[in-house]
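Read the structure below first, then the notes.
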Amino acid sequence: MGDIDYQALEFAYQACADQQPGASAAHRAVIVGAGPVGLSTALDLARRGTRVIVLDDDCRLSTGSRAICFSKRTLEIWDRLGVGQRMVDKGVSWNVGKVFFREGEVWRFDLLPESGHRRPAFINLQQYYAEGYLLEAARAEPNIELRWKNKVTGVTPRDAGVTVDVDTPDGPYALQAEWLIACDGARSPVRKLLGQEAHGRIFKDRFLIADVKMSAPFPAERWFWFDPPFHPNQSVLLHMQPDNVWRIDFQLGWNADPVEAVKPANVLPRIRALLGPDTPFELEWVSVYTFACERMDRFRHGRVLFAGDAAHRVSPFGARGANSGVQDAENLAWKLQLVLDGHAPDRLIDSYASEREYAADENILNSSRSTDFITPKSEISRNFRNAVLNLARDHAFARGLVNSGRLSLPARYADSPLNTPDAHAFAGAMLPGSVAADAPVADDAGQQWWLQVLDGGFTLAWFGGEQAPDARVLADLRAVADSPLAPRIVLVRPAGASWQAPAGTRGVSDTAGLLAARYDARPGSCYLIRPDQHIAARRRDTDATALRAALARAAGQS
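By the count of the UniProt record's numbering, the sequence shown reaches residue 558 at its end, each step adding exactly one.
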């Protein structure tokens with residue numbers, strides 16, 4: 001059985017209960033936009049128990065490759081949502097990138113040089129596949145209702161919610177939402193309806209994107225050329241995608257006519273110059289884009305929340321757009337669920353805005369620097385860039401200055417109010433606010449991965465030694481777990497230890513010793529990990545008072 005042609009699918013409009021006379025039910029969460037960010041948010045909330053309405057003004061998925069580079073962190077989030085393996089199975093996995101200047105290679109880098117990780121640094125997968133897999137998961141989820149051809153035309157904030165005006169083929173209707181989440185893209189109608197704007201920088205350059213179907217000898221790597229002979233004085237980016245489709249980005253310059261640039265008579269010679277005269281190919285899709293780095297001043301406006309491109313936008317170099325949006329979804333869903341369940345105060349949602357605004361600023365900074373290096377706007381800048389590229393061939397110090405797109409990494413929320421500062425000394429990267437690192441582990445069911453053990457709720461992870469935890473340790477951990485937030489207790493054994501986890505806890509073995517090494521977790525260490533797999537606190541003991549305070553802080557209760 002072949003793949004579904006997701007670009008050809010159309011979804012039927014159906015009338016809904018809110019269109020009936022007298023309908024007044026308030027929905028807990030309404031999401032605008034059925035792209036990767038909106039669908040990821042919907043799946044996360046639905047699997048936490050919230051019924052979600054998804055409104056989309058179209059009836060189709062995206063066309064063309066669009067976002068194609070999905071990062072290790074995004075795959076880990078999608079693993080938790082049940083779609084990660086399908087993405088990896090279809091996608092092209094890669095860790096290695098190469099940078100070329102004129103005729104030769106100047107730098108090769110490996111984004112995941114160490115072993116012991118479940119997922120690659122990136123996969124390449126056309127956006128329509130990602131959307132299709134997410135959509136199929138959403139359609140199988142009873143807590144999600146998808147409404148196609150439902151265009152939002154009005155947003156009226158209220159003290160305890162939002163009134164949303166919607167236009168449909170049957171005419172307009174209004175619905176009530178406790179929370180409205182705008183995932184409706186860079187041109188966000190919801191943002192405009194609230195009178196909000198995104199501020200930032202528009203870069204005066206244009207790139208041509210071409211999806212080319214061909215059989216080619218290139219490896220599954222990211223290749224970036226500066227000033228190559230086949231496209232002089234400009235830049236080119238090449239990525240392998242599934243189905244023998246290759247994504248090629250050609251820099252055009254600001255003066256290029258976007259209408260003329262996409263005509264086959266102008267596109268085909270550029271591709272032929274790259275591939276040579278003897279490589280057969282078919283042009284599948286072509287587009288021209290101008291890129292921007294901008295964001296809204298605030299991602300929260302009362303009960304209206306913004307995520308993905310609706311909240312922030314970056315140039316495509318570094319794969320920071322869709323990946324950052326999916327990380328918005330992950331950050332938001334657990335917080336909103338706790339608030340809806342009455343387990344956290346409203347101000348926990350403020351931490352969504354502050355943490356993801358910080359992440360957006362980090363992405364914009366990196367993306368702007370990449371774009372300035374790739375597309376220098378002065379002779380001095382161009383001379384500096386070319387000098388760096390020439391030196392990079394032979395000198396390691398210069399390679400660190402080469403910037404063909406600093407590739408997406410998850411933000412560490414260093415100054416988050418949800419973090420508990422260290423009271424004890426630790427080494428390594430697992431600082432409060434950091435994403436939890438993965439590692440191989442095993443339990444009674446066999447080999448697993450650490451991030452599979454973190455189930456979407458709070459986790460108390462205690463690292464043991466050769467002996468089982470004593471009664472005092474267990475009493476401390478259970479005293480913390482006995483709260484409405486109900487953190488799960490996971491006890492980690494070193495390889496070779498045979499003790500079993502007692503009732504009410506889960507035991508895993510650190511089969512390769514990588515988990516303890518990555519967490520600097522000598523016996524007796526304890527980590528509190530948030531539902532979005534960020535570190536909230538860590539200690540060298542199980543002081544119940546301190547851990548309860550850290551748990552309350554991580555839920556915005558203090």
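Just so it is clear, CB atoms sit at the ideal spot from N, CA and C, and this is done for glycine as well.
The structure displayed is predicted, hence computed values, not measured ones.
Per-residue DSSP class, three states only, for residue i
i: Leu-125; result: coil
i: Trp-254; result: coil
i: Pro-264; result: helix
i: Val-435; result: strand
i: residue 597; result: The structure shown does not extend to residue 597, since the chain spans only 1 to 558, so no value can be given for it.
i: Leu-112; result: coil
i: Trp-334; result: helix
i: Lys-377; result: coil
i: Arg-553; result: helix
i: Phe-100; result: strand
i: residue 592; result: There is simply no residue 592 to check, as the chain begins at 1 and stops at 558 in what is shown.
i: Thr-74; result: helix
i: Asp-5; result: coil
i: Phe-226; result: strand
i: Ala-497; result: coil
i: Glu-136; result: helix
i: Met-214; result: strand
i: Ala-537; result: strand
i: Thr-41; result: helix
i: Leu-348; result: helix
i: Asp-443; result: strand
i: Gly-308; result: helix
i: Tyr-358; result: helix
Separation of residue j from residue i, as counted between CA atoms
i: residue 567; j: Gly-82; result: Absent from the model: residue 567. The displayed extent of the chain is 1 to 558, so no value can be given.
i: Arg-393; j: Trp-223; result: 16 angstroms
i: Asp-205; j: Glu-141; result: 43 angstroms
i: Asp-44; j: Ser-62; result: 21 angstroms
i: Val-212; j: Ile-123; result: 18 angstroms
i: Pro-531; j: Ala-353; result: 17 angstroms
i: Asn-150; j: Leu-305; result: 19 angstroms
i: Met-1; j: Asp-543; result: In this predicted model, Met-1 has a pLDDT of only 39, less than 50, meaning its place in the structure is not dependable; the value taken from the coordinates is given anyway. Cα to Cα, the separation comes out at about 56 angstroms.
i: Glu-260; j: Thr-375; result: 21 angstroms
i: Ala-60; j: Gly-321; result: Residue 60 is actually Arg in this sequence, not Ala. For Arg-60 and Gly-321, the distance between alpha carbons rounds to 21 angstroms.
i: Ala-23; j: Val-190; result: 23 angstroms
i: Gly-513; j: Arg-522; result: 11 angstroms
i: Ser-71; j: Ala-319; result: 8 angstroms
i: Asp-5; j: Glu-197; result: 36 angstroms
i: Ile-489; j: Asp-541; result: 14 angstroms
i: Asn-366; j: Gly-405; result: 8 angstroms
i: Arg-548; j: Gly-456; result: 19 angstroms
i: Pro-219; j: Leu-238; result: 11 angstroms
i: Gly-325; j: Ala-468; result: 42 angstroms
i: Gln-327; j: Gly-433; result: 14 angstroms
i: Val-402; j: Lys-377; result: 17 angstroms
i: Gln-557; j: Asn-233; result: 56 angstroms
Integer Cβ distance of residue i from residue j, believed to fall under 8 angstroms
i: Asp-389; j: Val-106; result: Note that residue 389 is Leu in the sequence shown here, rather than Asp. Rounded, the Cβ-Cβ distance is 5 angstroms, consistent with contact.
i: Pro-494; j: Ala-475; result: Incorrect: roughly 23 angstroms between the Cβ atoms, too far for contact.
i: Ile-133; j: Met-87; result: The sequence shown places Tyr at residue 133, rather than the Ile named in the question. Correct: roughly 6 angstroms between the Cβ atoms.
i: Arg-539; j: Ala-436; result: Not really, about 16 angstroms apart at Cβ, beyond 8 angstroms.
i: Ala-292; j: Arg-313; result: 5 angstroms
i: Val-32; j: Glu-145; result: With 8 angstroms as the limit, Val-32 and Glu-145 do not qualify as a contact, their Cβ atoms being about 13 angstroms apart.
i: Val-236; j: Trp-246; result: With a Cβ gap of about 12 angstroms, Val-236 and Trp-246 do not count as contacting.
i: Glu-76; j: Leu-418; result: Incorrect: roughly 20 angstroms between the Cβ atoms, too far for contact.
i: His-343; j: Leu-485; result: 6 angstroms
i: Gly-116; j: Ala-439; result: 6 angstroms
i: Asn-95; j: Asp-79; result: That pair is no contact at about 18 angstroms.
Residues that DSSP places opposite residue i in a beta bridge
i: Ala-172; result: The sequence shown places Pro at residue 172, not Ala. Answer is Asp-167.
i: Val-30; result: Ile-53, Leu-180
i: Gln-241; result: Val-245
i: Ile-364; result: Paired residues: none, contrary to the question.
i: Ala-198; result: Met-296
i: Arg-206; result: Thr-290
i: Val-92; result: Asn-124
i: Leu-491; result: Trp-462, Gly-507
i: Val-259; result: DSSP output for Val-259 lists no bridge partner at all.
i: Ala-427; result: In DSSP, Ala-427 forms no bridge with anything.
beta-carbon residue i near the ligand ATP non-hydrogen atom, thresh 8 angstroms
i: Asp-243; result: Summarising the ligand content, the structure contains no ligands, and the ligand ATP is consequently not present.
Using 8 angstroms as the threshold, is the segment 354-364 in touch with the segment 290-299, meaning 3 or more CB pairs across them?
-> With the rule of 3 Cβ pairs closer than 8 angstroms, the segment 354-364 counts as touching the segment 290-299.
Original post:
How do the segment 186-206 and the segment 367-377 stand: do at least 3 beta-carbon pairs fall below 8 angstroms, yes or no?
Top reply: Yes, since at least three Cβ pairs between the segment 186-206 and the segment 367-377 fall closer than 8 angstroms, the two stretches touch.
request  = Could you tell me whether the segment 330-345 touches the segment 264-281, using the rule of 3 or more Cβ pairs below 8 angstroms?
outcome  = Cβ pair count under 8 angstroms is below three, so no.
- Item | Segment contact, 8 angstroms Cβ cut-off, at least three pairs: the segment 285-296 with the segment 63-75 | Judged by Cβ distances under 8 angstroms, the segment 285-296 makes contact with the segment 63-75, as three or more pairs qualify.
| If you pair each beta-carbon of the segment 107-121 with each one of the segment 21-31, do three or more pairs fall below 8 angstroms? | Counting Cβ pairs under 8 angstroms, fewer than three are found: no touch.
Q: Pair every Cβ in the segment 12-23 with every Cβ in the segment 168-181, then say whether three or more of these pairs are closer than 8 angstroms.
A: Cβ pair count under 8 angstroms is three or more, so yes.
Practice task
Give a yes or no on contact between the segment 97-105 and the segment 409-426, applying the rule of three or more CB pairs nearer than 8 angstroms.
Solution key: Three or more Cβ pairs closer than 8 angstroms define a contact, and the segment 97-105 falls short of that threshold against the segment 409-426.
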